[in-house]
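I have placed the structure first, in the form of structure tokens, so that the comments after it can refer back to it.
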Amino acid sequence: MKLKFWKKDPPPVRIEPKLDETEPVTQSRGKMAPTIKQRNYDSTVMSRITADWTAAPAHIDQIIFNNLRVLVARSRDRFINDDYGKRFVSLVKANVVGPNGFGLESRAVGNDEKPDQAATVAIEKAWKSYKKKTNCDVTGRHSFTELNQLIIGTIVVDGEALIRYHRSGHYGQQLELIDPQKLDVNYNDTLEDGRYIRFGIEYNARGRVLAYHLSQPSGIANIYLASYNTRNYERVPAGEMDHLFIPIFAEQKRGIPWMATSLVRMKMLGGFEDASLVAARAGASKMGFFTVPAGDDYQPGEKDETGAVISEFEPGTFEELPEGVQMQSFDPQYPAGEFDMFMKSCLRGIASGFGVDYVSLANNLEGVNYSSLRHGELLNRELWKAMQQWLIENWLNDFMERWIIEQYQRSTITIKGRPLSRKLQNYLPHRWQGRRWEWVDPLKDMNAKLIEYKMGVTSISQIIRERGRDPEEIWREREKEDKRMKELGIEPGQMLGFVVSEGEKNAE
23 MKLKFWKKDP
33 PPVRIEPKLD
43 ETEPVTQSRG
53 KMAPTIKQRN
63 YDSTVMSRIT
73 ADWTAAPAHI
83 DQIIFNNLRV
93 LVARSRDRFI
103 NDDYGKRFVS
113 LVKANVVGPN
123 GFGLESRAVG
133 NDEKPDQAAT
143 VAIEKAWKSY
153 KKKTNCDVTG
163 RHSFTELNQL
173 IIGTIVVDGE
183 ALIRYHRSGH
193 YGQQLELIDP
203 QKLDVNYNDT
213 LEDGRYIRFG
223 IEYNARGRVL
233 AYHLSQPSGI
243 ANIYLASYNT
253 RNYERVPAGE
263 MDHLFIPIFA
273 EQKRGIPWMA
283 TSLVRMKMLG
293 GFEDASLVAA
303 RAGASKMGFF
313 TVPAGDDYQP
323 GEKDETGAVI
333 SEFEPGTFEE
343 LPEGVQMQSF
353 DPQYPAGEFD
363 MFMKSCLRGI
373 ASGFGVDYVS
383 LANNLEGVNY
393 SSLRHGELLN
403 RELWKAMQQW
413 LIENWLNDFM
423 ERWIIEQYQR
433 STITIKGRPL
443 SRKLQNYLPH
453 RWQGRRWEWV
463 DPLKDMNAKL
473 IEYKMGVTSI
483 SQIIRERGRD
493 PEEIWREREK
503 EDKRMKELGI
513 EPGQMLGFVV
523 SEGEKNAE
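Per the numbering used here, the sequence shown starts with residue 23, numbered consecutively.
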């Protein structure tokens with residue numbers, strides 16, 4: 023059998039490209055040249071519609087340098103002059119900090135790693151004393167709870183908060199809140215050993231904060247200056263200051279106001295409301311006009327600097343018109359039916375920018391049922407708890423460690439007249455408890471917790487924490503209560519039976 027071999031095909035003939043020597047077609051002015059369709063994101067296509075849309079990513083330092091001062095100024099303005107801006111700050115203060123603030127639960131242990139009840143009671147007793155305004159605030163004006171409300175409120179409006187530590191007072195640890203604008207965004211410099219100053223903050227070559235440079239206007243200038251950038255700075259070591267803000271970009275060095283994305287809409291909506299109120303008042307002010315016969319004197323009234331007659335509208339007024347002037351009817355019918363829908367639409371956008379639900383921000387329960395209200399409230403509470411946890415991890419835990427170390431060194435915490443005697447590490451463990459919220463139907467909620475407890479998926483301590491209380495405090499209170507009731511001849515079981523019977527009656 024013969025094998026058959028196929029011959030190789032000859033190489034293809036090379037065809038040289040020809041250059042087009044024709045004149046190019048010029049595009050008419052005002053029209054864009056056609057683009058070749060490629061597999062790109064539609065949002066990256068450059069066209070006349072997207073011509074004003076930025077196409078070059080800016081570093082966060084550039085964004086802060088160009089925008090921070092204006093953003094803070096306008097955010098403060100909306101907080102001062104806008105009802106919804108004030109409402110948002112109030113919501114954050116009330117839900118993140120709450121009326122009673124964060125509760126401290128000391129978890130001091132002995133050398134055997136078991137809870138040290140005596141040390142726990144002593145630490146929490148000293149903490150309750152320190153929380154008073156005369157002990158924790160360097161100015162003596164704010165309690166610790168009020169300081170935390172100011173801190174979170176400043177973070178919302180300014181995007182950041184500055185807290186300075188002073189080794190003063192009975193407990194050797196007092197706090198001072200500082201206006202973040204004292205960190206001059208225009209103060210930037212290059213120093214020795216790779217150090218540099220950016221936006222008033224000094225860093226080492228690796229980006230760790232070394233110090234804060236605070237603007238120091240002299241004398242009465244501190245009150246009347248529009249800003250603090252006087253080129254007279256006080257260098258404060260980083261160990262004496264906490265700079266709190268939530269970063270949203272890598273390498274971010276300053277905080278951005280939380281209302282930043284909604285400021286334009288808030289300003290426009292405020293102007294819309296003002297114009298609507300004026301139109302409504304004008305429509306409600308029914309006016310009449312008198313015409314003057316020829317030859318009679320006409321008193322035109324007050325004029326402005328251009329010579330135009332100033333005319334105002336008031337309810338029930340009649341104005342005299344000059345000779346030859348006829349009245350054209352003016353009967354504004356605005357605001358009309360679309361006012362409410364437009365307001366709701368704008369407020370939904372503002373609420374989305376704030377990260378809260380429309381019902382809470384607008385304080386509008388119209389058309390809300392229990393299911394939708396519960397769903398929105400659950401989302402809000404998860405947001406509040408996330409903010410609480412951020413504040414605990416970035417501020418309260420660090421502060422409490424400083425505080426315990428200071429008290430340990432000063433021997434201000436005593437047990438039966440004696441200072442803490444074990445190692446410092448035994449007294450550092452602690453836990454913060456943020457505020458929690460009740461439901462409109464607490465009986466169903468407690469029944470659900472009872473089922474969870476019987477199933478073994480929760481504990482009594484966890485149920486107490488979810489109500490914003492300290493379990494150890496509850497146990498001590500119950501122990502004291504039971505002891506006192508027995509001294510008075512009251513059986514605790516009798517009171518419990520009365521409470522259960524009344525609860526069953528109410529449930530029916």
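Just so it is clear, CB atoms sit at the ideal spot from N, CA and C, and this is done for glycine as well.
Near PHE271, which residues of its chain fall below 6 angstroms by C-beta distance, leaving aside the five closest residues on each side in sequence? Position 249 of the sequence shown, counted from the first residue, corresponds to residue 271. Only ILE82 meet the Cβ criterion.
Is the beta carbon of LEU266 closer than 8 angstroms to that of ILE173? Working through the sequence shown from its first residue, we reach residue 173 at position 151. Working through the sequence shown from its first residue, we reach residue 266 at position 244. For ILE173 and LEU266, yes; Cβs fall inside 8 angstroms.
So, using beta-carbon positions, are ALA233 and ARG257 closer together than 8 angstroms? For the purposes of this step, residue 233 is taken as residue 211 along the sequence shown, with counting starting at 1. For the purposes of this step, residue 257 is taken as residue 235 along the sequence shown, with counting starting at 1. Going by C-beta atoms, ALA233 is nearer than 8 angstroms to ARG257.
According to the Cβ coordinates, are LEU383 and LEU369 closer than 8 angstroms? The residue you call residue 383 lines up with position 361 of the sequence shown. The residue you call residue 369 lines up with position 347 of the sequence shown. Yes.
Residue environment, GLY12, which counts as buried when at least 16 other CB atoms sit within 10 Å: Residue numbering for the chain in the displayed model covers 23 to 530; residue 12 lies beyond these limits and cannot be assessed.
With DSSP as the reference, label LEU205 as helix, strand or coil. Start at 1 with the first residue of the sequence shown, and residue 205 comes out as number 183. Note: LEU205 maps to strand in three-state DSSP.
To which residues does DSSP link MET263 through a beta bridge? Your numbering for residue 263 matches position 241 in the sequence shown. Its beta-bridge partners are ARG186.
Taking only the alpha-carbon atoms, compute the straight-line gap between LEU510 and GLU499 and give it to the nearest angstrom. The residue labelled residue 510 in the question sits at position 488 within the sequence shown. The residue labelled residue 499 in the question sits at position 477 within the sequence shown. Cα to Cα, LEU510 sits roughly 17 angstroms from GLU499.
Determine, using beta-carbon pairs with one atom in the segment 216-227 and one in the segment 92-108, whether at least three such pairs fall under 8 angstroms. In short, these stretches do not touch, since the Cβ pair count stays below three.
Taking 8 angstroms as the cut-off, does the segment 412-422 touch the segment 438-449 (at least 3 CB pairs, one atom from each stretch)? no
By DSSP's criteria, GLN196 is part of a beta bridge. Which residues make up the other side? Translated into positions along the sequence shown, residue 196 becomes position 174. GLN196 is bridged to HIS188.
Do ARG458 and GLU488 come within 8 angstroms of each other at the CB atom, strictly closer than that value? Here residue 488 is taken as the residue at index 466 of the sequence shown, counted from 1. Here residue 458 is taken as the residue at index 436 of the sequence shown, counted from 1. In contact: GLU488 and ARG458 (Cβ atoms closer than 8 angstroms).
Which stretch, first to last residue, makes up the beta strand (DSSP E) that contains GLU127? The sequence position of residue 127 within the sequence shown is 105, counting from 1. Where GLU127 is concerned, the enclosing beta strand (DSSP E) starts and stops at 125-128.
In three-state terms, what does DSSP make of PRO451? Looking up residue 451 in the sequence shown gives position 429. Note: PRO451 maps to coil in three-state DSSP.
Compute the distance between the beta-carbons of PRO202 and LEU184, then report whether it is under 8 angstroms. Sequence index remark: in the sequence shown, residue 202 carries index 180 (1-based). Sequence index remark: in the sequence shown, residue 184 carries index 162 (1-based). It is a contact, given that the beta carbons lie within the stated cut-off.
From ILE426 to LEU199, what does the alpha carbon distance come to, in whole angstroms? Here residue 426 corresponds to residue number 404 of the sequence shown, with the count starting at 1. Here residue 199 corresponds to residue number 177 of the sequence shown, with the count starting at 1. Near 21 angstroms, if we compare the C-alpha coordinates of LEU199 and ILE426.
In whole angstroms, what is the alpha-carbon distance linking LYS150 and PHE364? Locating residue 150 in the sequence shown gives position 128, counting from the first residue. Locating residue 364 in the sequence shown gives position 342, counting from the first residue. Cα to Cα, LYS150 sits roughly 49 angstroms from PHE364.
Using the DSSP secondary-structure output, state which residues sit across from THR436 in a beta bridge. Within the sequence shown, the letter at position 414 stands for residue 436. In DSSP, THR436 forms a bridge with PRO441.
Hey, quick one: how far does the beta strand (DSSP E) through GLU224 stretch, first residue to last? On the sequence shown, position 202 is the one that residue 224 refers to. First-last of the beta strand (DSSP E) with GLU224: 223-225.
Between which residues of its own chain and PRO453 is the CB-CB distance below 7 angstroms, once the five residues before and five after are set aside? Walking along the sequence shown from the start, residue 453 turns up at place 431. Going by the sequence as given, residue 453 is Arg instead of Pro. Cβ neighbours of ARG453 beyond the five flanking positions: GLU127 and ARG129.
What number of angstroms, rounded off, separates the C-alpha of ASN391 from the C-alpha of ALA306? Within the sequence shown, numbered from 1, the residue matching residue 391 stands at position 369. Within the sequence shown, numbered from 1, the residue matching residue 306 stands at position 284. Using only the alpha carbons, I get a separation of about 35 angstroms.
Which of the three DSSP states is assigned to ALA299 in this structure? For this step, residue 299 is matched to residue 277 along the sequence shown. The residue asked about is misnamed: residue 299 is Leu in this sequence, not Ala. Helix.
Whole angstroms are fine: how far does the CA of ILE473 sit from the CA of ASP467? Along the sequence shown, read from residue 1 onward, the residue named residue 467 stands at position 445. Along the sequence shown, read from residue 1 onward, the residue named residue 473 stands at position 451. The straight-line gap from Cα to Cα measures roughly 10 angstroms.
Buried versus exposed call for LYS154 [16 or more other C-beta atoms within 10 Å across all chains shown]: Sequence index remark: in the sequence shown, residue 154 carries index 132 (1-based). With fewer than 16 Cβ atoms within 10 Å of its Cβ, LYS154 is classed as exposed.
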